[in-house]
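Novice: Quick note, this note's numbering runs 225 ahead of the 1-based positions in the sequence shown.
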Amino acid sequence: MKFINLKQFRQDRCLSQKELVAITGLPQSTVSYIENGYQEIRENQLDVLKQAYPDADFSQYIYESASYPYQTNSSRHEIETNRKFPGDWSRPTPLDKIDGIDILMKMGRASVSFDGDIVLDRNDGTFLNLGYYVIEPDLFGDSDLIDHLTEKEWFNDELYEDFKRCYLIACRLVGKRPVAQIKTDY
Numbered sequence: 226m227k228f229i230n231l232k233q234f235r236q237d238r239c240l241s242q243k244e245l246v247a248i249t250g251l252p253q254s255t256v257s258y259i260e261n262g263y264q265e266i267r268e269n270q271l272d273v274l275k276q277a278y279p280d281a282d283f284s285q286y287i288y289e290s291a292s293y294p295y296q297t298n299s300s301r302h303e304i305e306t307n308r309k310f311p312g313d314w315s316r317p318t319p320l321d322k323i324d325g326i327d328i329l330m331k332m333g334r335a336s337v338s339f340d341g342d343i344v345l346d347r348n349d350g351t352f353l354n355l356g357y358y359v360i361e362p363d364l365f366g367d368s369d370l371i372d373h374l375t376e377k378e379w380f381n382d383e384l385y386e387d388f389k390r391c392y393l394i395a396c397r398l399v400g401k402r403p404v405a406q407i408k409t410d411y
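1) Starting from VAL404 and walking both ways along the beta strand (DSSP E), at which residues does that stretch end?
2) At which residues does the alpha helix (DSSP H) containing SER257 begin and terminate?
3) Between TYR258 and the rest of its own chain, which residues show a CB-CB distance below 7 Å, the 5 nearest in sequence each way excluded?
4) Just how far apart, CA to CA, sit PHE283 and LYS275?
5) Indicate whether LYS232 and GLU260 have their beta-carbon atoms separated by less than 7 Å.
6) Between LYS227 and ILE266, which are expected to be in contact by the criterion C-beta below 8 Å, what is the C-beta distance as a whole number of angstroms?
7) Is the beta carbon of PHE234 sitting closer than 7 Å to the one on TYR288?
8) Which runs of the alpha helix (DSSP H) spanning at least 4 residues fall entirely within the stretch 338–391, listed in chain order?
9) State buried or exposed for CYS396, treating a residue as buried only when at least 16 other CB atoms are found within 10 Å of its CB.
10) Could you check whether ASP387 and ARG347 sit closer than 7 Å to each other, using their CB atoms as the reference points?
11) Hey, how far is the Cα of LEU240 from the Cα of VAL246?
12) With distances taken Cα to Cα, identify the nearest neighbour of GLN406 among ASP382, ASP367 and LEU384.
13) Helix, strand or coil, according to DSSP, for ASN298 in the structure here?
14) So what does DSSP say about ASP327, is it helix, strand or coil?
15) Can you grab the Cα-Cα spacing for the pair PRO252 / ASN381, in whole Å?
Quick look at the structure:
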């Protein structure tokens, strides 16, 4: 496949992407895709560039590759190496790291990890450092999960509400069907 480092070409000529689009008449989305390595350069697009810049030597910007340079679904690379900019949607930046677990979202004292673990903060503000309690997805199908949690001294009504929200999201994240959890008296 044939690619072109169009961004470098623009920078060498002190052009913005908008100016390049205005001069060449190429669609802005096409220029962006080519520039970011999501689309290879077609001969007709290269011809348009050569007509707009007849004095330019495009051979120094053109390269061959067997795959797309920034393929985000590539199993050969780690997710972090595929991230091209801070707002990339291929994987969100973790909100926090709790006991080495990357946290995807937080709801009060309950959090959900990227792997679907639910991390409960056992600290209820009484200045006791109780740490965290992790519930792995293989326990999501246990209909007695809430009963086991309500036996814990630190599991109060506030944490119960946070847990309910996280439980449904974590089940959805790992593809498990939520089981009805009925809270009995503490």
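Every residue gets a Cβ at the ideal spot worked out from N, C-alpha and C, and that includes glycine. Bear in mind that the values here come from a model prediction, so they are computed numbers and not experimental data.
Specialist: For this structure:
1) Start at 1 with the first residue of the sequence shown, and residue 404 comes out as number 179. Neither: VAL404 is in no beta strand (DSSP E) and is coded neither H nor E.
2) Reading the sequence shown from its first residue, position 32 is the one you call residue 257. From DSSP, the alpha helix (DSSP H) with SER257 extends over 253–260.
3) Start at 1 with the first residue of the sequence shown, and residue 258 comes out as number 33. Around TYR258: GLN264.
4) On the sequence shown, position 58 is the one that residue 283 refers to. On the sequence shown, position 50 is the one that residue 275 refers to. Straight-line measurement puts the Cα of LYS275 at about 8 Å from the Cα of PHE283.
5) Position 7 of the sequence shown, counting from 1, holds the residue named residue 232. Position 35 of the sequence shown, counting from 1, holds the residue named residue 260. LYS232 places its beta carbon less than 7 Å from that of GLU260.
6) Position 2 of the sequence shown, counting from 1, holds the residue named residue 227. Position 41 of the sequence shown, counting from 1, holds the residue named residue 266. Indeed, because the Cβ distance is near 6 Å, the residues count as touching under 8 Å.
7) The residue labelled residue 234 in the question sits at position 9 within the sequence shown. The residue labelled residue 288 in the question sits at position 63 within the sequence shown. No.
8) With a minimum length of 4 residues, the unbroken runs of alpha helix (DSSP H) contained wholly in the stretch 338–391 fall at 370–375.
9) Here the question's residue 396 lines up with position 171 in the sequence shown. Buried is the call here.
10) Stepping through the sequence shown from its first residue, residue 347 is reached at position 122. Stepping through the sequence shown from its first residue, residue 387 is reached at position 162. For ARG347 and ASP387, no; Cβs fall outside 7 Å.
11) Sequence index remark: in the sequence shown, residue 240 carries index 15 (1-based). Sequence index remark: in the sequence shown, residue 246 carries index 21 (1-based). Each residue's alpha carbon lies about 10 Å from the other.
12) The residue you call residue 406 lines up with position 181 of the sequence shown. Measuring from the Cα of GLN406, the nearest candidate turns out to be ASP367.
13) Numbered from its first residue, the sequence shown carries residue 298 at position 73. Caution is warranted here: a pLDDT of 43 is assigned to ASN298, below 50, making its placement in the model unreliable, and the coordinate value is therefore given only provisionally. Collapsing the DSSP output to three states places ASN298 in coil.
14) Residue mapping note: residue 327 aligns to position 102 of the sequence shown, counting from 1. Reduced to three states, the DSSP call for ASP327 is strand.
15) Counted from its first residue, the sequence shown places residue 252 at position 27. Counted from its first residue, the sequence shown places residue 381 at position 156. Within the model, the alpha-carbon separation for PRO252 versus ASN381 is close to 57 Å.
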